[in-house]
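So the protein lines, in turn, are chains A and B.
In this text, residue positions in the first sequence follow my numbering: the first is 22, and each later residue adds one.
In this text, residue positions in the second sequence follow my numbering: the first is 22, and each later residue adds one.
Notes follow once the structure below has been shown.
There are 2 protein chains.
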Amino acid sequence: MNADEKKKVQKIFTEYLEKHGHRKTTERFAILDEVYSTEDHFDVDSLYTLIKKKKHHVSRATVYNTIELLLNSELIMKHQFGKNLARFEKSFAYKQHDHMICEDCEHIFEFCDPRIQQIQSTVGNLLHFSITSHSLNLFGKCNELAQKGTCQYKN
Amino acid sequence: MNADEKKKVQKIFTEYLEKHGHRKTTERFAILDEVYSTEDHFDVDSLYTLIKKKKHHVSRATVYNTIELLLNSELIMKHQFGKNLARFEKSFAYKQHDHMICEDCEHIFEFCDPRIQQIQSTVGNLLHFSITSHSLNLFGKCNELAQKGTCQYKN
DNA sequence: GTTTGTGCAAATTTTTTGCATTACA
DNA sequence: TGTAATGCAAAAAATTTGCACAAAC
């Protein structure tokens with residue numbers, strides 16, 4: 022997408038790799054590039070397919086390996102949206118948000134509500150639990166469906 | 022646990038099976054029994070192991086099959102707590118609650134905060150999304166660890 | 001030139017499916 | 001007795017691992 026953003030995340034990833042003594046391979050940067058080329062949430066296999074289609078040959082094992090590095094460098098976030106399939110999203114210039122998942126078209130919408138932070142600190146204090154993160158997912162039917170009876174996102 | 026509760030859930034399951042033309046097999050009731058004998062959240066494999074240890078011989082396929090029926094009869098709930106492993110809990114006489122997961126000992130704590138309902142309706146209205154359910158998970162370190170440096174739940 | 005990282009394939013883990021046999025209704 | 005459910009084993013799906021070769025440093 023944004024060339025400027027891509028340069029920034031490449032720099033972050035480079036620094037991360039150098040700091041941790043990892044090699045800067047073309048595969049790793051091809052994967053980073055593909056991750057930051059999509060606006061959507063993705064899973065490992067669809068990312069693998071996208072990369073294979075468009076550019077460098079990369080194996081699934083390398084995608085899994087690199088996903089791990091991208092998680093550690095905080096360039097992506099991992100989610101579980103009810104299915105036994107890990108989903109990811111890029112997280113540079115990330116604004117805290119949660120997800121609303123349409124059970125019909127599977128499209129993922131993002132939202133943000135400050136009350137979640139309040140719940141987090143209330144509950145953390147109450148139970149002496151030091152909370153590092155949260156995940157809030159709302160499930161239902163999206164407005165596309167409710168309003169039009171059909172859905173632009175479906176399949 | 023509670024013999025009275027067990028009778029009630031057996032009745033519910035019996036009615037569900039009859040209503041949907043499913044057979045009342047010993048395996049299905051053995052699985053229901055085991056589910057309601059634990060206070061904890063469980064995954065399919067640990068449930069399978071428990072049943073195999075204690076009673077009737079039941080195959081994994083049957084456990085998966087029965088879990089599906091128990092979900093449909095609303096006698097259990099399904100969760101995804103960040104791992105690629107479905108977790109379940111019994112849900113008869115269920116009080117709405119969310120979960121706090123210790124990243125260290127993996128123990129699951131339950132809590133309830135009414136503000137989550139408010140978020141749900143605010144966001145639903147705002148985005149014309151009809152919300153049927155939510156899942157809120159808080160991740161962090163439990164008080165056992167924070168206060169004592171060690172944890173009763175660990176392993 | 002070392003070593004780490006990659007690709008491939010094989011192994012693991014979690015879940016699903018096909019089919020012969022069992023047992024509920 | 002007829003058919004749905006079970007057990008088993010094999011298939012799928014998602015992920016991890018081992019090892020020989022390739023390529024960073």
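We treat Cβ as the ideally placed atom computed from N, Cα and C, and that holds for glycine.
Boundaries (first-last residue) of the beta strand (DSSP E) holding residue i
i, result
"residue 111 of chain A", "107-111"
"residue 101 of chain A", "97-101"
"residue 93 of chain A", "Premise fails: residue 93 of chain A lies in the alpha helix (DSSP H), 81-93, not in any beta strand (DSSP E)."
"residue 153 of chain A", "151-162"
Contact set for residue i: own chain, Cβ-Cβ below 7 Å, skip 5 residues either direction
i, result
"residue 94 of chain B", "33, 34 and 37"
"residue 151 of chain A", "145"
"residue 112 of chain A", "95, 96, 97 and 98"
"residue 81 of chain A", "69"
Cutoff 6 Å; reference residue i; Cβ partners in own chain excluding five residues on either side
i, result
"residue 48 of chain B", "79 and 83"
"residue 164 of chain B", "none"
"residue 104 of chain B", "none"
"residue 133 of chain A", "118"
"residue 53 of chain A", "34"
Inter-residue Cα distance where the pair is residue i and residue j
i, j, result
"residue 89 of chain B", "residue 124 of chain B", "28 Å"
"residue 97 of chain B", "residue 116 of chain B", "13 Å"
"residue 68 of chain A", "residue 26 of chain B", "47 Å"
"residue 149 of chain A", "residue 24 of chain A", "44 Å"
"residue 71 of chain A", "residue 31 of chain A", "19 Å"
"residue 29 of chain B", "residue 63 of chain A", "43 Å"
"residue 143 of chain B", "residue 77 of chain B", "48 Å"
"residue 186 of chain B", "residue 157 of chain B", "Residue coverage of chain B in this structure runs from 22 to 176, which leaves residue 186 of chain B outside it and unanswerable."
"residue 159 of chain A", "residue 110 of chain B", "19 Å"
"residue 51 of chain A", "residue 87 of chain A", "10 Å"
"residue 162 of chain B", "residue 122 of chain B", "8 Å"
"residue 135 of chain B", "residue 91 of chain B", "27 Å"
"residue 147 of chain B", "residue 42 of chain A", "47 Å"
"residue 131 of chain A", "residue 129 of chain B", "26 Å"
"residue 106 of chain A", "residue 106 of chain B", "9 Å"
"residue 108 of chain A", "residue 139 of chain A", "26 Å"
"residue 100 of chain B", "residue 58 of chain A", "31 Å"
"residue 153 of chain B", "residue 141 of chain B", "9 Å"
"residue 102 of chain B", "residue 126 of chain B", "14 Å"
Residues near residue i by beta carbon distance below 8 Å, same chain, minus five either side
i, result
"residue 85 of chain B", "65"
"residue 39 of chain B", "45"
"residue 55 of chain A", "68, 71, 72, 75 and 76"
"residue 137 of chain A", "119, 155 and 157"
Simplified DSSP state of residue i, which is helix, strand or coil
i, result
"residue 134 of chain B", "coil"
"residue 71 of chain A", "helix"
"residue 119 of chain A", "strand"
"residue 125 of chain B", "coil"
"residue 61 of chain A", "coil"
"residue 147 of chain B", "helix"
"residue 175 of chain B", "Below a pLDDT of 50, predicted positions are generally treated as unreliable, and residue 175 of chain B, at 49, falls in that range; the measurement from the model is reported next regardless. The answer is coil: DSSP assigns residue 175 of chain B none of H, G, I, E or B."
Endpoints, alpha helix (DSSP H) assigned at residue i
i, result
"residue 34 of chain A", "24-40"
"residue 47 of chain B", "47-56"
Selection of the stretch 146-164 of chain A by Cβ proximity to chain B, strictly under 8 Å: 147, 148, 149, 150, 151, 152, 153, 154, 155, 156, 157, 158, 159, 160, 161, 162, 163 and 164
Contact list for the stretch 123-135 of chain A against chain B, Cβ threshold 8 Å: 123, 124, 130, 132 and 134
Where the stretch 85-107 of chain B meets chain A: residues whose CB sits under 7 Å from a CB there: 101, 103, 105 and 107
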